[in-house]
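Everything on this sheet refers to the single structure shown next.
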Amino acid sequence: MKTLNRREKYAPYIFLLPFMISFILFFAVPSVYALILSFAKYAGYGTVKWVGIANYKNILTYGRFWDALGRTMFYWIVKFIPITIISFMLAWCLRTNTMRRSAATKFFKPVLFIPQVCATTAVAIVFEILFARETGAINQIFGTTVSWVENQYTAKWIVLLMLIWRGIGWFMVVYMSGMTAISDDLTEAARIDGASEFQIICRITLPLMKQTFKFAFIMDAISSLRMYTEAAVLTTTDGGPAKQFAEGVTNLLMVNLNAGNFGMACAYGWVIFVLVFVISMFIFGAMRDRK
Amino acid sequence: MQISKTRRRVHKVFSTALIYVFLIIMAFIVLFPLYIMLAGSFKSSSDLAANSWGLPNPATLNNYYRLLSYNAGTIVRTYFNSIFITATHTALVILFGGLAAFAFSKYQFKGRNTMFIMLLATMMIPFELMATPLYIIFSKIGWLNSYQIQIIPFTANVFAMYMIKQYMDSVPNALIEAARLDGAGPFRIWWKIMMPVSKPAVSATVVLVALAKFNDYLWPKITVTKEKFMPIMTILPTLNDKNAVWNVPRELLLTGCTIVIIPLIVLFIFLQDEFMNSVTIGAVKE
C-alpha cells in the first residue's frame with residue numbers, strides 16, 4: 125500500500141515531464157531567445173551586435189511591411205463577411221426540417237467540407253493553374269486573358285478566393301454545431317406563433333449563436349494573421365515581383381530568415397505575436413457578454 | 050382552408066427546391082478546382098493548354114509515369130517521408146499531450162492551476178516566432194536536414210493537450226478509483242482506461258495534428274534543403290523549377306497535387322466524423 129501511495133504521489137510529475145521538457149526546449153527557450161535576438165543584428169555566425177530597437181524601427185518604417193499588414197487584415201476581415209454569410213446559409217439549409225435527416229445532407233455536408241482537408245500547398249498550385257493567363261480554365265471559359273495571379277490588383281483577390289473556398293466547410297461545421305445547441309422546441313414554438321423563417325433566424329438563431337460566432341472569429345483571426353503558404357506557393361511559378369502582390373506579414377519574416385537577417389526575423393515574429401494578441405484581446409473585449 | 054394548405058405545400062416545395070439549387074451550386078464551386086486538378090492529371094501538356102476545363106482528350110497515364118520517375122524516384126521517397134514524419138510526430142504529440150492531460154485533469158499537485166493557465170496563455174504565441182531561434186539552435190547542433198528536426202520540435206502541443214484534458218475532465222473519478230483498488234498503477238490506468246475512454250477527443254486530436262503536420266509547408270521549407278529528407282509538400286511547388294518559365298509543366302504539377310489530395314479525400318470519406326469533430330470539439334466548451 126505504501127509503494128502505491130508513493131507511486132500515486134509522483135505520478136503527475138512523471139506524466140508532465142515529457143510534455144514540459146519538450147515545451148521548455150522548443151517553446152519557452154526559443155521565445156526568450158527570439159526576444160533577445162530581436163534587439164540585435166546577427167547573421168548566425170560571428171558576433172552579435174546590439175542595435176536596440178532598430179529592428180522594430182526598421183519594420184515600422186518599411187513600406188512593404190505596411191502593405192503586407194494591410195493585406196493580412198484584408199485576408200482576415202474581408203474574407204470573414206462572405207464566408208460567414210455563405211457558411212451560415214449552408215448550415216441553415218442543412219439544418220431545416222426537410223433536410224436534416226435526408227440522404228442529401230449526408231452527401232452535401234462532407235462534400236462541402238472536402239476543401240478543408242486538402243493540403244494548402246497543393247490547393248495554391250491548383251488555383252494558380254486555374255487562373256493562369258492563357259491556359260487557365262477561368263480565362264478559357266470566359267474567353268479572357270487576364271493575368272490574375274501576376275497582377276498586383278488581382279493577386280490578393282485570388283488568395284482571398286482560395287481562403288474562402290478552403291474555409292467554407294470549416295465555418296459551416298462550426299455553425300451547424302452552434303445551431304444544434306439551440307433547442308428545437310424554441311424554434312417550433314416561434315413557428316406555431318406565426319413567426320416567419322426570417323424572424324426566427326434574426327430573433328432566435330443569430331442571438332443564441334453569439335458564442336459560436338465569437339469562437340469562429342477568434343480561431344479564424346489567429347490562423348489568418350499568420351497566413352503564409354497561400355501567398356508563398358501561389359506566386360512561385362513566376363518567382364519575381366509577383367511574390368510581393370499577395371504576401372502577408374509572415375512572408376516577410378521568412379524573407380528575412382532566408383536572408384540570414386535573424387534579428388529582423390525575430391522582430392517580425394514578435395510583431396506578429398503582438399498583432400495576434402491585441403486583436404484577440406480586442407475581440408474578447410468587444411464580444412464579452414454584458415450582463 | 051384548402052387553398053392555404055395547397056399554398057403551403059407549394060411554398061414548401063419551392064423552398065426545398067431553392068435549398069437544393071443553392072447546395073448544388075456550392076457543391077459545384079467546391080468540386081470544380083478538384084475536377085480541374087483530376088482531369089488535368091490525365092491530360093497531355095498540349096491538351097491541357099488548349100482544353101483546360103474539358104475532359105482529357107485523349108486520357109493518358111503518362112504524367113503519373115513521369116512523376117514516378119521524376120528525379121530518380123524523389124516523389125515516392127518524399128511521400129514516404131511525409132507519412133513517416135506525420136505518423137511519428139502525431140504519436141509523440143498524443144503521448145506527451147495525453148500524459149500531461151491526465152496529470153492536469155485527475156491529479157492534485159502544487160502549482161497545477163497556475164501551470165495550466167500559463168500553458169493556455171502560450172497558445173497565443175505563434176509558431177513563427179520560434180522559427181528563427183530554432184533554426185539557429187538546430188543549425189549549431191547539426192540537426193538541419195534530418196528527420197528529427199521535423200518530428201521532435203512542437204511535440205508539446207498545448208492545444209492537443211487541452212482538447213484531451215477537457216474530455217478527461219468528464220470521466221468519473223470512480224472509474225479511476227475502482228482501477229486503483231484493483232491494483233492498477235498510474236500508467237496502466239492512463240493507458241487502459243483514460244485514453245480509451247477519451248477516444249472521441251483523442252481521435253479528433255489525432256486527425257487535427259496529423260493533417261496539420263502532413264500539410265505543413267513553412268517548417269520543412271526553413272529547415273530542410275536536402276531532397277532526401279524533404280516531405281512531399283516542399284517538393285510539390287518545385288516540380289516546375291527545372292523548366293523554363295515558358296514551359297511550366299502544369300500537367301505534372303496537377304498530377305502531383307492529385308496524388309497528395311486524393312488520398313486525403315479518401316481518408317476523409319472513411320473518417321468523416323473524426324474530421325468534422327476535430328473542428329467543433331474546441332467550440333463546444335467555452
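These protein sequence lines are chains A and B, in that order. My numbering numbers the first residue of the first sequence as 125 and each following residue consecutively. My numbering numbers the first residue of the second sequence as 50 and each following residue consecutively. The C-beta atom is built at its ideal place from N, Cα and C for all residues, glycine as well. Computed from a predicted model, the values in this text were never measured in an experiment.
For residue i, which residues in the same chain have their Cβ closer than 8 Å to its Cβ, ignoring the five residues on either side in sequence?
i        : result
B/Val341 : Missing from the structure shown is residue 341 of chain B; chain B here goes from 50 to 335 and no further.
A/Ala96  : The displayed coordinates of chain A run from 125 to 415. Any statement about residue 96 of chain A would go beyond what the structure contains.
A/Ile335 : Checking the sequence, you will find Gln at residue 335 of chain A rather than Ile. Taken in chain order, the residues that qualify are Gly302.
A/Ala410 : none
B/Leu169 : Val207 and Tyr211
A/Leu141 : none
A/Ala345 : Trp200, Val400, Ile403, Ser404 and Ile407
With H, G and I counted as helix, E and B as strand and the rest as coil, what does DSSP make of residue i?
i        : result
B/Lys92  : coil
A/Ala158 : helix
B/Trp102 : coil
B/Trp239 : helix
B/Lys275 : coil
A/Trp281 : helix
A/Lys415 : Note on A/Lys415: pLDDT 42, under 50, position unreliable in the model; the coordinate value appears next. Coil.
B/Val333 : Bear in mind that the predicted position of B/Val333 carries a pLDDT of just 45, short of 50, making it too unreliable to give a figure here.
A/Lys230 : helix
B/Ala209 : helix
A/Trp272 : coil
A/Lys334 : helix
B/Trp192 : coil
A/Ala164 : strand
A/Phe173 : Per the sequence shown, residue 173 of chain A should be read as Lys rather than Phe. Strand, per DSSP.
B/Tyr84  : helix
B/Arg115 : helix
B/Asp231 : coil
B/Val220 : coil
A/Pro239 : helix
A/Gly194 : helix
Residue i: buried (16+ other C-beta within 10 angstroms of its C-beta) or exposed?
i        : result
B/Lys61  : exposed
B/Pro269 : buried
A/Phe406 : exposed
A/Ser320 : exposed
A/Asn385 : buried
A/Glu312 : exposed
A/Asn263 : buried
A/Ala279 : buried
B/Glu226 : exposed
B/Val309 : buried
B/Ala293 : Unreliable positioning characterises B/Ala293 in this predicted model, as indicated by a pLDDT of 49, which lies under 50. A coordinate reading is not provided.
A/Cys326 : exposed
B/Ser118 : exposed
B/Phe151 : buried
A/Leu330 : exposed
A/Met286 : buried
A/Trp216 : buried
A/Ala246 : buried
Leaving out five residues on either side along the sequence, give the residues of the same chain with a beta carbon under 7 Å from the beta carbon of residue i.
i        : result
B/Met244 : Gly147 and Val251
A/Phe232 : Leu218
A/Phe212 : Tyr299
B/Ser195 : Phe278
A/Trp294 : Gln240
B/Thr307 : Met86, Leu87 and Ser90
Can you give the beta carbon distance from residue i to residue j, rounded, assuming they're within the 8 Å contact cut?
i        : j        : result
B/Ile87  : A/Val241 : Position check: residue 87 of chain B holds Leu in this sequence, whereas Ile was assumed. Incorrect: roughly 15 Å between the Cβ atoms, too far for contact.
B/Val79  : A/Val235 : 6 Å
A/Leu91  : A/Val250 : The structure shown does not extend to residue 91 of chain A, since chain A is modelled only from 125 through 415, so no value can be given for it.
A/Thr353 : A/Thr229 : About 32 Å; that fails the 8 Å criterion.
A/Tyr199 : A/Val283 : 7 Å
B/Thr272 : B/Phe158 : At roughly 36 Å, the Cβ-Cβ gap does not stay under 8 Å, so B/Thr272 and B/Phe158 are not in contact.
B/Asn112 : B/Ser90  : 6 Å
A/Asn382 : A/Met388 : Actually they do not touch by this definition, with Cβ atoms about 11 Å apart.
A/Met296 : B/Ile68  : Actually they do not touch by this definition, with Cβ atoms about 14 Å apart.
B/Phe63  : A/Ser146 : Going by Cβ atoms, the distance from B/Phe63 to A/Ser146 rounds to 58 Å, so no, they are not a contact pair.
B/Pro221 : A/Glu132 : No, B/Pro221 and A/Glu132 are not in contact; Cβ-Cβ is about 18 Å, not under 8 Å.
Leaving aside the five residues before and after residue i along the sequence, list all residues of the same chain whose C-beta is less than 6 Å from its C-beta, in chain order.
i        : result
A/Arg350 : Thr374
A/Gly291 : Ile207
A/Leu332 : Ile306
B/Phe153 : Phe165 and Lys214
B/Leu285 : Gly305
Under 8 Å, Cβ to Cβ, is there at least one residue of chain D near residue i?
i        : result
A/Leu332 : The chain labelled as chain D is not found among the protein chains of the depicted structure, namely A and B.
Would the region 258-274 of chain B and the region 151-169 of chain A be scored as touching if the rule is three or more Cβ pairs under 8 Å?
no
Three or more C-beta pairs under 8 Å: does that hold for the region 169-183 of chain B against the region 143-152 of chain A?
yes
Looking at C-beta atoms only, is the number of pairs between the region 169-181 of chain A and the region 170-179 of chain B that lie closer than 8 Å three or more?
no
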